[in-house]
Each structure stands twice: as C-alpha cells, then as structure tokens.
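See below for the structure under consideration.
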Amino acid sequence: MKTQVSRTQFRYLMLWLIMGTGILTMPLAIANFTVHDGWIASLLFILGTGAAALIVKVFTNYFPSQSLTEALIESFGPWLGRVFGLWLLFWLLNQAALMARQFLVFAGITILPKTPEPLIAGVFFIPIAYAVFSGMEVIARFAQFVTPLSFLVVLFITGLIVPTMHPDMLLPILGDGWSPVFRAAIQPTVAFALQLVTALELVPHLKQPEKAAMDIVWIGIVITLFLAMIEVLIISVLGLTANYLQYPILEVVRGIRIGRFIQRFDTLYVLGIISVIFLKVSLYQYCFTSSLKTFTNAPSLRNLTLGSVAVTGAASLYLWRDSVELSHYMLFVTPAYFGMTLTVLPLGAVLAKQVRNRVRNSIRGYS
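For the sequence shown, the working numbering assigns the number -18 to the initial residue and increments by one for each residue that follows.
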C-alpha cells in the first residue's frame, strides 16, 4: 500500500515546491523588468495557480488514482505513452537538476565561497538520496516539521525589517505603465505557478486526490500574498538597487541591525533557505525516480534511487556553465518550456482518454 499524504502535508509540500527556490529567484526575475511595481506583478501569480488548479481538477476527474506517467501510458498506449513519458522524465530531471544547481550557486555565494561545487553537490545529495530512499512519508513529514518553524522565522525577520522600510519607494505606481508589470509577471506566473501541476505525480499518494485542486487554490492565495509582502519589503528597503542584486531579499535581511552588537540575521535566513531547498529538491527527485520506476516497470523505487540521484547530481553540475547562464535559462527559457510541458502532457492525456472512451463506446454500440 502506498503512503497516504494528508491534505495538510500536501499543502505544505506545494508551498515549498514553489517557495523553496522562489523566495530567491522570483524577486530577481521581477526586478529585471520593474522595481517600483514589482508588488503588482507578484499579485498576478494567482492567475498561474488558477490555471494549475484547473489542470489538476480536470486530470483527477479522469485519473483519480494514477500519476501523470501512469496516465500517459494508459491513454496513449505502452509505446507512444512512453514517448510522452520520456518527455516528462527529462523535464523532471531538468527541474531537479535546476533546483540543485540553484542551491549550489546560493551556497557558493553565501557560506562556501571557496569550496568546489562538486564537493558541495556530493554532500548535498547524500541526504537527498536518503529522503528518496525512505519514501514519500519522510519527505511529507519533513515538510510538516519545517513549515511552522519557517513561519515563525519569517514573522520574526519581517518584524525587524519593518522599521527600515521607506514606503515612498513604492511610488510612483504604474509610472512606466502596465507593460513592464506584465513582462515581470511572466516568469513567476508561468514558470513557477505551473509547477504546481507536478502534484499529479503524487496523486497515488494522496488521501483525498479529488480535493487536490482546491488545496492548490488555497496555497496559491497564500503564496501570492507572501510574494507580494516580500516585494513590498524589497522595494521599500532597497529601492532601485534591487535591480542590481542577485538575491535582493538576502540583502534586505543583511541590513537588519539591533543596537550596536546584534546583527547578521542573514545566517538564520540562510539556514532556513537551505532547509526548504533541500525539501524542494527531495520532492522533485522523488517525482523523477517514481516516474522512472513507472516508465521502466522496475519492481521497487529503492532500486533506482542511487542511480537517479547520481544522474541528477551530474546534470546539476554540467547543464549550466555558470550562474550567468543559469539566470538566463531561468528568465528566458523556463516560461515557454515549463508552460508547454505542464499543460500539453496532462491535458493531452485527458484528451486521449476521452477519444479512447468514445471509440470504445462506439464499438460497443455497433456490437
């Protein structure tokens, strides 16, 4: 019997599926196009989560207990279905490697500037392999443990940032019109929000898969408000300088000072970020390994864990040469790539299922 993930655990998993790295990269993506109106662009994130929830709802109506990989093979047949399954596999591998590389860049900049990235990757992927080997229950329970702690840390740090805010930095509102706002919203709304469709790989593990779409809507609202709050903090503290920083929110936290001796709260922030990135990479790595198990008809997911983790680790090091290439990929490639993958595959499986059902009913009618 597969592990049953509760609705609370599922919501926490979906929260960090987005914000695990989103808290670092979404402000950067928005600041590349607009600064003063970044908070408006962040509010458009809810549109992407609405689209993701709709896709999940349609899919679970037709495949109430199957993962996306299983649905593709059932709908398109064992051969063509595996062709589409290979597309999904490569996307999951790319995503797990991308998230891991973001961690390597972040760790290299903040805490381990003189440590070679392969060494950081080797240490990082050991607990990832253990989490995947242990199963979905361990990952879900870790999400349930880390979320309340993260909430308290966010409240504490936000309370320290508020006195340093300058609300006049938010003006003028829409000074450059709507065009920069819409351009800034593309990457968060498409490349990040649609990642919630990854929940379809977890459908067999959910206690109530029929309510997954509603859970995604609620989490989408929470993330939208959280992202808007982050943007307001960044803009009102850093102003236009946010456009020149790789991690704007990190610089905001670094600026916290209490008296003469209490400072450097960014250490607390970095520890929190490492925890949630670990959770996000573990979840994607589990989805990749689970999809690979279905694709190959392997008897156990554990048999594939070490191999799949090794492939992801190698991909994270060699798919992107440096942080500049990584940033360019995230800003200008992921919206189209993710948008196409996360809409065509699940909706294609549903459409193929409808066609097969109609053909089957027609044959029965004639017989």
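Heads up, the beta-carbon is just placed ideally off N, CA and C, and yes, glycines get one too.
Residue i, enclosing alpha helix (DSSP H) - first and last residue
| i | result |
| --- | --- |
| Tyr225 | Segment: none, Tyr225 is in no alpha helix (DSSP H) and carries neither H nor E. |
| Pro161 | 160 to 167 |
| Thr135 | Reading off the sequence shown, one finds Val at residue 135, where the question assumed Thr. Start and end: 117 to 142. |
| Lys38 | 26 to 43 |
| Ala52 | 49 to 57 |
| Phe84 | 61 to 91 |
| Asn284 | 283 to 299 |
| Asp196 | 193 to 219 |
| Glu306 | 304 to 313 |
Those residues which DSSP pairs with residue i across a bridge
| i | result |
| --- | --- |
| Val(-14) | Leu187 |
Residue i versus residue j: straight-line alpha-carbon distance, rounded
| i | j | result |
| --- | --- | --- |
| Ile211 | Ile142 | 11 Å |
| Tyr299 | Thr248 | 29 Å |
| Leu231 | Gly62 | 44 Å |
| Pro45 | Pro280 | 23 Å |
| Thr222 | Pro8 | 12 Å |
| Ser271 | Gly89 | 30 Å |
| Gly19 | Leu206 | 13 Å |
| Pro153 | Gly220 | 12 Å |
| Leu177 | Thr128 | 18 Å |
| Gly254 | Ala209 | Per the sequence shown, residue 254 should be read as Ile rather than Gly. Answer to the nearest angstrom: the Cα atoms are 18 Å apart. |
| Phe71 | Cys268 | 12 Å |
| Ile54 | Ile(-1) | 27 Å |
| Gly151 | Ser217 | According to the sequence provided, residue 151 is Leu. The question's Gly does not apply to it. Each residue's Cα considered, the two are about 6 Å apart. |
| Glu191 | Ala77 | 26 Å |
| Pro169 | Leu181 | 20 Å |
| Leu214 | Phe57 | 48 Å |
| Leu183 | Leu332 | 21 Å |
| Phe84 | Val257 | 10 Å |
| Leu73 | Thr277 | 15 Å |
| Ser304 | Gln(-15) | 38 Å |
| His147 | Val16 | 14 Å |
| Gly236 | Ala112 | 35 Å |
Test item: CB-CB of residue i and residue j under 7 Å
| i | j | result |
| --- | --- | --- |
| Pro161 | Phe14 | yes |
| Leu175 | Ala33 | yes |
| Ser343 | Ala81 | no |
| Met263 | Leu273 | For the record, residue 263 in the displayed sequence is Ser; it is not Met. In this structure, Leu273 does not lie closer than 7 Å to Ser263 by Cβ. |
| Ile4 | Ala165 | no |
| Pro327 | Leu67 | no |
| Arg341 | Phe114 | no |
| Ile197 | Pro316 | no |
| Ile383 | Arg(-8) | Since the displayed the chain opens at -18 and closes at 348, residue 383 lies outside it and no answer follows. |
| Gly329 | Ala102 | no |
| Val37 | Ala172 | no |
| Thr91 | Val251 | yes |
| Gly1 | Leu260 | yes |
| Leu275 | Glu98 | Leu is not the amino acid found at residue 275; the sequence shown has Thr there. Not in contact: Thr275 and Glu98 (Cβ atoms no closer than 7 Å). |
| Ala110 | Thr286 | yes |
| Phe246 | Val234 | yes |
| Ala124 | Leu323 | no |
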